[in-house]
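To start, the structure under review is shown below, and the notes come after it.
Residue numbers (my numbering): 287 to 474.
Next up, the structure:
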């Protein structure tokens, strides 16, 4: 996807800031980026660094990608079964299929995850901002949140704060499939 130039980035930034009814000073206070610099970016006089744009976007409740992607995201995103993004990683593999397309300022990701027999979602304990929800569709998952162990079988679900240390492993005899929802969105 082609990136936008600094004038287009600035216009999009200003339009979004005004939609949110935020002043330059409010964004400065929330992001740590000076109001003067934000104004220069909005007028196309300056290009933001990745760090500055990320802080500004976070202060406005969105992601930096919204301001630099050439195509504006649709308000509604229909994903056909054959058009979803799929990724495989780790060994034994964990597969992720993105079920939620991108819409502007989305804070949620919905994924269909498949853990091969013996697969672990991360090699070590994971923690990050937000919440996670898991609904096992088939198989058995072992989920540790903090020091607590949870066994999830078909139809079981678990909801937890992802800032708590957590680890997910397939302890069944076959592949395990689960619907996973994360807030804020997990970019793959």
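Glycine is no exception: its CB is placed at the ideal position from the N, C-alpha and C atoms.
Please read all numbers here as calculations on a predicted model, not as lab measurements.
- Between residue 451 and residue 428, the gap from beta carbon to beta carbon reaches 8 Å or more.
- Residue 467: member of the beta strand (DSSP E) spanning 462-469, first to last residue.
- In summary, residue 449 is exposed, with fewer than 16 beta-carbon neighbours lying within 10 Å of its beta-carbon over all protein chains present.
- For residue 300, the three-state secondary structure derived from DSSP is helix.
- Within the same chain, 419, 420, 421, 422 come within 8 Å of residue 443 by CB-CB distance, once the 5 residues on both sides are set aside.
- Boundaries of the alpha helix (DSSP H) harbouring residue 340: 336-345, taken from the DSSP string.
- Contact fails between the region 320-332 and the region 345-352, because fewer than three Cβ pairs, one in each stretch, are under 8 Å apart.
- The beta carbon of residue 292 lies closer than 6 Å to those of 330, 333 in the same chain, with the five residues before and after it left out.
- The region 385-461 contains, as complete beta strand (DSSP E) runs of 3+ residues, the segments 395-401, 417-424, 427-431, 434-438, 443-447, 452-456 (chain order).
- As the crow flies, the alpha-carbon of residue 339 is around 29 Å from that of residue 364.
- Distance between residue 453 and residue 425, taken at the CA atoms: about 17 Å.
- In the three-state scheme derived from DSSP, where H, G and I count as helix and E and B as strand, residue 354 is classed as helix.
- As DSSP reads the structure, residue 383 sits in a beta bridge with 372, 398.
- Closest in C-alpha terms to residue 370, from the list 387, 360, 336, 354, comes 387.
- With a cutoff of 8 Å on beta-carbon distance, residue 416 and residue 335 are scored as not near each other.
- In this structure, DSSP gives residue 322 a helical state, which the three-state scheme calls helix.
- Following the DSSP letters along the chain, one finds residue 312 inside the alpha helix (DSSP H) bounded by residues 310-317.
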